[in-house]
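K.L.:
One structure, pasted below without further comment.
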Amino acid sequence: MKATGAELHHRAETLAAPLPPLMVAAKRVASTVAQGVHGRRRVGQGETFWQFRRYQQDDSITRIDWRRSAKSSHLYVRETEWEAAQSVWLWRDASASMDYASMPAFGSKRLRAELLLLALGVLLVRGGERIAVLGSNLRPSSGRIVLTRIAHMLEEGEPATPSLPVPEALPRHARVVLIGDFLSPLAEIKATLAAFDALGVRGHMVQVLDPAEETLPFAGRVRFVGPEAEGVALIGRAETAAGDYARAMAAHQAEIGRYTRSAGWSFVRHRTDRPPETAVLALYLGLAEPALE
Amino acid sequence: MFALGPLSFAAPWALLGALALPALWFLLRLIPPSPREVVFPPVRILMALARRDETSATTPPWLIALRFALAAAVILGLAHPILNAEPGLKGTGPLALVIDDGWGAAKGWNERIAAAQRLVDRAGREGRAVIVLGTAAKPEPPAVTPLAAAAARKLVESLRPKPWLAERRAVGDALAQWGEANRSPPFPLAWLSDGLEAAEGEARAFAEQLGRSGPVLFAEPPGERLPLLLRPPRSEGDALVLSAERPSAGARREISVIAHGDDGRPLARERLALPQGRTNGEARMALPSELRNRLARLEIENETGAGAVALADERWRRRPVGLASVGTGREDQPLLGDLYYLERALEPWAEARRGALADLLARPLAVLVLADPAPLPAAEAGAVVRWIEAGGVAVRFAGPRLAVATQAVGAESADPLLPVRLRAGDRVVGGALTWERPVELAPFDDKSPFFGLAVSADVRVRRQVLAEPALDLAERTWARLADGTPLVTAARKGKGWLVLVHVTANAQWSDLPLSGLFVGMLQRVVALSQGVASHLPGPPLAPEATLDGFGRLGAPPADAQAIPSEAFARTRVGPRHPPGFYGERGGVRALNLADSVPALKTFPRPANVEAMAYGASVETDLRPWLLGLAFLLLLADLAASLALRGHLALPRRAAFALLATALAAFPAAAQPQRPDAEASAIAASADPTIAYVLTGNREIDETSRAGLEGLGVILRRRTAAEMGPPVKIDPARDELSFYPLIYWPLGGGQRPLDAGAAERLNEYMRRGGTILFDSRGGEGESLLGMRALARQLDLPALEPVGPDHVLTRTFYLLREFPGRHVGGRLWVERAGERVNDGVSSVIAGSGDWAAAWAVDDRHRPLYPVVPGGERQREYAYRFGVNVVMYVLTGNYKSDQVHVPAIMQRLRR
């Protein structure tokens, strides 16, 4: 059940439709932050009219508002409100484990992750934010064309990607959204988070899991094989192991939650049998609310 | 054979396999099912768990029980258990199965064959060969061939009763010879008899003959299974005397005999009683001559077998009467001719032939009529006399020529064709020169064959020839005049009769030929005749249609042979000559079985035999059931193994349903699957559903479906009508009553409706259904189609929709009804034509609405509308909504018509 880029894009748009444009609450206005639509109630670069003021010597002639100037004997310059945009780097896990789907009806985790990523992208672009895909070497951009580009990129996919993102040089105060199953050993996850933290980057983690991965709904004698050559586990009576497994999984998730909280990140859990809207909403709230600190 | 109470095993050594069961038990317990393999991303977490949980898995106990039952069923099945098995056969060597398959065996044939099959099965189980012999007479001596049980079974199945007599001696001889030739020890024999013997002691002799070869099993049919025999009927006057016979006298029994015509239609039915203590009974069947002339077959009702059928040929039918033209041309004149009245009188009930005397005598003839012939040459007269003596009836009418002849010759016995001596000349009564009045007829006396006929008072005889008084004149007189002079005299000659009517055959001498009495008298005379004298040589008679053992008339078997016609009367029924019709079509002659059968006789059970009963076996072979059970268990085991390894990804409920279905289907596998009519009925009636008639043209059908789909979408959006998906129907097959509206696109090669479909559609319209006929913008061809349909359907009178019709206001207010095309008129039933809540049962137009409504699965229109515009499409949808509302709500909106009046009243 591999969706084409256009189809994925379409579905993401539908998913994002009921939510208002998402404006990432930029904590701090810095010159490194590209200007966007966040009105700063100051004169600056932007689209929205702010005020007319008298022409001054050092103003560029191109800035003169001739229509206004024609009404009087003075020359006026049109000033716009300073608007700033945040850059958000999105990432989704494209490793083999994400292709898992316990029932065809649910769809694979990867599909859900891409859907979430793109829906989030739609919301962000609508809010005027600049988005990019982490590890894609694309510059952050805010046009709608970027969505199409991302959709195509997701569709093509890249073979044999690692289960965790490789931290790269990101601007400070950039935001990162990581979507994946995060089933890697806790130490690796912790290391990744630490690397991002060192860069001064905050973000959000979304763990997408298949329902079977939480409940272990198997019975009888089962040999479990990892998709990424993690190893093999032979369970004699899978039905009796379900309780232990659920506890272990909960512990795993709780540990990730603890790391993320301590790093100032948010952590959202999502299951593919739930509607994607819940995850989008949680992300929306996580991104829109003023970040901690 | 090894027996445990009522249960016995045909192959008991297979039970030794049961010893292996305990071993199987341990084996099954030790080998757990192999694990299923699952790809599972969070395997790391599991690996931590797996280290703790490393116990060896065992086979679940219910699976062990299942496999154990499977093995037990196979072992038991191989042991071939039989419930209530019959005891084995005595003696050694093959079983000789002697089956009576003569004519008497047809009744209860199935029981006989079932018993034979039982015996063959028993022999087969004991590994014996089987010799199958039928006792019906065969052209060559019976061959004794031991067969394997399977082949014998097929042979027994192919046996049919033969429509001739049994000849048991030949079979007994053949068996005895075979036994001697093979120096066989006593071998078992079984004689499935029909309970009849040909002659006294014949059956006992046969049983003794069989007994010399070995022990004999003997079966005889119960009394009510013994055959009945219908003898060929006798003609007595205008009635047939039926005669039936039974083998043993008993209580009074009533049977029915049915007469069939040559076309197989029943003509008459007569009850025939076999009185108590008598073996035979008789009944008279009076048939009008028209019916009797068509008689071909008589049979006892509800009785199978050739013995219950009697075939009738010309002898029992319309008699050929020859009218000899011996005069000079005068006989052809209407009203005056000699033969005119005779022909008119005979034609309705007898076959009147005209021709020269020699020609007439060359063919079979019952009665020869000579109407005042000129003196016959001696050779011809001799031929006639010979013919009479062989059984013919000659009727001679007097006339002027005879009167002259009596005067001229005067010598007695010169004319051999006179029953009495005549006086010279003739007598004239009531002429112009006499005082006497013409004389009327006297009533017939009781010795006359005419006795019982009413003498009509208006018959007058004016002239006649007179008989010379003689001693035997009175007894030779069949009819006389009121003054006592003989009018009809007759004499027996050999087997036949010579009859003289003393008046002419025309109305010259008397009124007799004008009266109905004349016809009655002729009928009596013809009835007196023997039928067709049949000793004339001719070509051999080839079999035309013969009876089989069950008494069914069919094509003759390959070895049936023709019969020389002169030997026909002596021919006995046999394998070469099965009973049936022989000869050319039109002149066939019947060879009846009953003519060859001596009196029916039963025989007591011979002393040296062991009795067995007819009928099907009481034993039940359990092997197929056990092996079938084992197969089912095998399937269940397969499913269970798959489920345990996780390869069976069915939800549990579905799996149970599947299993239940498989189990339910097992005994019923041979039954054809019923179409899921009920499911489709439920689907069609859950939501209001519009149906469309399949035209057979794929494009039109697809357009209809898409159109109704589109209309359904519009209805869901805009109205409270939640339409189900459209349904395609074929009026010839499908139930129509679920659909409030049927859309019927015309044209596209609509086939004419068959009568059943038309009746169903009419019924649908009568019961309140509505059909929307759409000629799809077409004029020529589709209108022709509509016209052809209208002829088949009971369509009401139509009128164009008026501006006030409910259809214009059921949901939208509409003035016109465009579809894909505009401008067509819409026709509905004329108001008040039928009741049906004011809803027209027919809406007809040419808008091609379905095309305007049609949408694809993204709800985009499929066809452009002409002249165009989405407005037109919108109006088309509105029309569709109105139609659906119209059929769903009836005249609910018709009171809108009164709105102006109501408003006016409210304002006042």
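Protein chains in written order, with my numbering: chain A, 919 to 1211; chain B, 7 to 914.
By construction, the Cβ of each residue, glycine as well, lies at the ideal position given by its N, Cα and C atoms.
In this text, all values refer to a predicted model and were calculated from it rather than measured experimentally.
1) Is the Cβ-Cβ distance between residue 471 of chain B and residue 428 of chain B less than 8 Å?
2) Going by alpha carbons, who is nearest to residue 609 of chain B out of B:646, B:871, B:199, B:369?
3) Return the residue from the list B:707, B:594, B:578, B:613 that minimises the CA-CA distance to residue 601 of chain B.
4) Over the uninterrupted alpha helix (DSSP H) stretch that includes residue 1068 of chain A, give me the two end residues.
5) In chain A, which residues lie less than 7 Å from residue 53 of chain B when you measure between Cβ atoms?
6) Using a Cβ-Cβ cut-off of less than 9 Å, give me the residues of the segment 1102-1129 of chain A that come near chain B, in sequence order.
7) I need the straight-line Cα distance from residue 312 of chain B to residue 425 of chain B, nearest angstrom please.
8) Apply the 10 Å Cβ neighbour rule to residue 1193 of chain A and answer buried if 16 or more other Cβ atoms are within range, or exposed otherwise.
9) Listed in chain order, which residues of the segment 1015-1026 of chain A have Cβ atoms closer than 7 Å to some Cβ of chain B?
10) Relative to the alpha-carbon of residue 998 of chain A, which residue among A:1178, A:931, A:970 has its alpha-carbon at the smallest distance?
11) Look at the alpha carbon of residue 607 of chain B and the alpha carbon of residue 260 of chain B, and state the distance between them as a whole number of angstroms.
12) According to DSSP, is residue 252 of chain B part of a helix, a strand, or is it coil?
13) Should residue 1142 of chain A be flagged as near chain B, meaning a C-beta pair shorter than 8 Å?
14) Count the other CB atoms within 10 Å of the CB of residue 90 of chain B; is the residue buried (16 or more) or exposed (fewer)?
15) Just confirm the distance between the C-beta atoms of residue 849 of chain B and residue 834 of chain B, as a whole number of angstroms; I'd bet it's less than 8 Å.
16) Check the Cβ-Cβ distances between residue 1202 of chain A and every residue of chain B, and say whether any is below 8 Å.
17) Across which residues does DSSP place residue 777 of chain B in a beta bridge pair?
18) With 8 Å as the limit, tell me which residues of the segment 1148-1180 of chain A have their beta carbon closer than that to any beta carbon of chain B; keep them in chain order.
19) Measure from the C-beta of residue 723 of chain B to each C-beta in chain A and report whether the shortest distance is under 8 Å.
20) What does residue 1145 of chain A reach in chain B if we use C-beta pairs closer than 7 Å?
21) Excluding five sequence neighbours on each side, which residues of the same chain lie with their C-beta closer than 7 Å to the C-beta of residue 523 of chain B?
22) For residue 93 of chain B and residue 41 of chain B, I'd like the C-alpha separation in whole angstroms.
23) Would the beta-carbon of residue 293 of chain B fall within 8 Å of that of residue 286 of chain B?
24) Name the chain A residues that come within less than 8 Å of residue 815 of chain B, Cβ to Cβ?
25) Any Cβ of chain B within less than 8 Å of the Cβ of residue 1131 of chain A?
26) Based on DSSP bridge pairs, tell me the residues matched to residue 885 of chain B.
27) Indicate the three-state DSSP secondary structure (helix, strand or coil) for residue 953 of chain A in the structure shown.
28) CA-CA distance, residue 533 of chain B and residue 274 of chain B?
29) Would the segment 1173-1181 of chain A count as touching the segment 1078-1094 of chain A if we require 3 or more Cβ pairs under 8 Å?
30) Closest to residue 554 of chain B by CA distance: which of B:599, B:500, B:726 is it?
31) Let me check understanding here. Comparing Cα to Cα, which of B:44, B:55, B:88 lies closest to residue 629 of chain B?
32) Does any CB atom of chain C fall closer than 8 Å to the CB of residue 50 of chain B?
33) May I have the straight-line CA-CA distance separating residue 1103 of chain A from residue 1030 of chain A, to the nearest angstrom?
34) Let me know if residue 299 of chain B comes out buried or exposed under the rule of 16 or more other beta-carbons within 10 Å of its beta-carbon.
35) To be precise: take each residue of the segment 1057-1069 of chain A, compare its Cβ to all Cβ atoms of chain B, and keep it if any distance is under 9 Å. Which residues remain?
36) What's the gap between the Cα of residue 884 of chain B and the Cα of residue 859 of chain B?
P.N.:
Answer, in terms of the structure:
1) Taking the second sequence and counting its residues from 1, one reaches residue 471 of chain B at position 465. Taking the second sequence and counting its residues from 1, one reaches residue 428 of chain B at position 422. Remark: C-beta atoms of residue 471 of chain B and residue 428 of chain B approach each other more closely than 8 Å.
2) Locating residue 609 of chain B in the second sequence gives position 603, where the first residue counts as 1. Closest in C-alpha terms to residue 609 of chain B, from the list B:646, B:871, B:199, B:369, comes B:199.
3) What you label residue 601 of chain B is simply residue 595 of the second sequence in a count that begins at 1. Selected option, being the one with the closest Cα: B:578.
4) Locating residue 1068 of chain A in the first sequence gives position 150, counting from the first residue. Note, residue 1068 of chain A: alpha helix (DSSP H), 1062-1074.
5) Start at 1 with the first residue of the second sequence, and residue 53 of chain B comes out as number 47. Correct list: 1149, 1151.
6) Correct list: 1102, 1103, 1127, 1128.
7) Sequence index remark: in the second sequence, residue 312 of chain B carries index 306 (1-based). Sequence index remark: in the second sequence, residue 425 of chain B carries index 419 (1-based). Rounded to whole angstroms, the gap between the alpha carbons of residue 312 of chain B and residue 425 of chain B is 45 Å.
8) Here the question's residue 1193 of chain A lines up with position 275 in the first sequence. Residue environment analysis places residue 1193 of chain A among the exposed positions, since fewer than 16 neighbouring C-beta atoms fall within 10 angstroms of its C-beta.
9) For the segment 1015-1026 of chain A, the set of residues with a beta-carbon nearer than 7 Å to any beta-carbon of chain B comprises 1015, 1018, in chain order.
10) Residue mapping note: residue 998 of chain A aligns to position 80 of the first sequence, counting from 1. Comparing Cα-Cα distances from residue 998 of chain A to each of A:1178, A:931, A:970, the minimum goes to A:970.
11) The residue labelled residue 607 of chain B in the question sits at position 601 within the second sequence. The residue labelled residue 260 of chain B in the question sits at position 254 within the second sequence. One C-alpha to the other measures close to 20 Å.
12) Taking the second sequence and counting its residues from 1, one reaches residue 252 of chain B at position 246. DSSP places residue 252 of chain B in the coil class of the three-state scheme, outside both helix and strand.
13) Here residue 1142 of chain A is taken as the residue at index 224 of the first sequence, counted from 1. For residue 1142 of chain A, the answer is yes, since a Cβ of chain B falls inside 8 Å of its Cβ.
14) As a working mapping, residue 90 of chain B is identified with position 84 in the second sequence. That one is exposed.
15) The residue you call residue 849 of chain B lines up with position 843 of the second sequence. The residue you call residue 834 of chain B lines up with position 828 of the second sequence. The Cβ separation is near 6 Å, so the contact holds.
16) Numbered from 1 along the first sequence, position 284 holds the residue referred to as residue 1202 of chain A. Interface criterion not met: the Cβ of residue 1202 of chain A is under 8 Å from no Cβ in chain B.
17) Residue 777 of chain B sits at position 771 when you count from the first residue of the second sequence. For residue 777 of chain B, the pairing in a beta bridge is given by DSSP as B:748, B:848.
18) Within the segment 1148-1180 of chain A, the qualifying residues are 1148, 1149, 1150, 1151, 1152, 1153, 1154, 1155, 1158, 1159, 1162, 1163, 1166, 1167, 1170.
19) For the purposes of this step, residue 723 of chain B is taken as residue 717 along the second sequence, with counting starting at 1. Residue 723 of chain B does not count as touching chain A.
20) Taking the first sequence and counting its residues from 1, the one referred to as residue 1145 of chain A is at position 227. Within chain B, the residues placing a beta-carbon under 7 Å from that of residue 1145 of chain A are 45, 47, ordered along the chain.
21) Residue 523 of chain B sits at position 517 when you count from the first residue of the second sequence. If we look at residue 523 of chain B and ignore the five residues flanking it on each side, its Cβ neighbours are 459, 461, 462, 465.
22) For the purposes of this step, residue 93 of chain B is taken as residue 87 along the second sequence, with counting starting at 1. For the purposes of this step, residue 41 of chain B is taken as residue 35 along the second sequence, with counting starting at 1. Counting only the Cα atoms, residue 41 of chain B lies some 53 Å from residue 93 of chain B.
23) On the second sequence, residue 293 of chain B is found 287 positions in, with the first residue counted as 1. On the second sequence, residue 286 of chain B is found 280 positions in, with the first residue counted as 1. If you check the CB distance, residue 293 of chain B and residue 286 of chain B do not come in under 8 Å.
24) Along the second sequence, one-based indexing puts residue 815 of chain B at 809. Neighbours of residue 815 of chain B on chain A: none; closest Cβ ~39 Å, over 8 Å.
25) Position 213 of the first sequence holds residue 1131 of chain A. Yes, residue 1131 of chain A counts as interfacial toward chain B.
26) As a working mapping, residue 885 of chain B is identified with position 879 in the second sequence. Residue 885 of chain B is not bridged to any residue.
27) Locating residue 953 of chain A in the first sequence gives position 35, counting from the first residue. Residue confidence for residue 953 of chain A is low, a pLDDT of 42 falling below 50, so the modelled location carries little weight and cannot support an answer.
28) Numbered from its first residue, the second sequence carries residue 533 of chain B at position 527. Numbered from its first residue, the second sequence carries residue 274 of chain B at position 268. Rounded to whole angstroms, residue 533 of chain B to residue 274 of chain B spans 20 Å at the Cα level.
29) A contact between stretches requires three or more CB pairs, one per stretch, nearer than 8 Å, and the segment 1173-1181 of chain A fails this requirement with the segment 1078-1094 of chain A.
30) Indexing the second sequence from 1 puts residue 554 of chain B at position 548. Of B:599, B:500, B:726, the residue nearest in Cα terms is B:599.
31) As a first step, residue 629 of chain B is located in the second sequence; it is residue number 623 there, counting from the start. Among B:44, B:55, B:88, the Cα nearest to that of residue 629 of chain B is on B:88.
32) Although the question refers to chain C, the structure presented lacks it and instead comprises the protein chains A and B.
33) As a working mapping, residue 1103 of chain A is identified with position 185 in the first sequence. As a working mapping, residue 1030 of chain A is identified with position 112 in the first sequence. CA-to-CA, the gap between residue 1103 of chain A and residue 1030 of chain A works out to about 22 Å.
34) The sequence position of residue 299 of chain B within the second sequence is 293, counting from 1. Classification of residue 299 of chain B: buried, given that the 10 Å Cβ count is 16 or more.
35) Of all residues in the segment 1057-1069 of chain A, none has a C-beta nearer than 9 Å to a C-beta of chain B.
36) Here residue 884 of chain B is taken as the residue at index 878 of the second sequence, counted from 1. Here residue 859 of chain B is taken as the residue at index 853 of the second sequence, counted from 1. C-alpha separation (whole angstroms): 10 Å.
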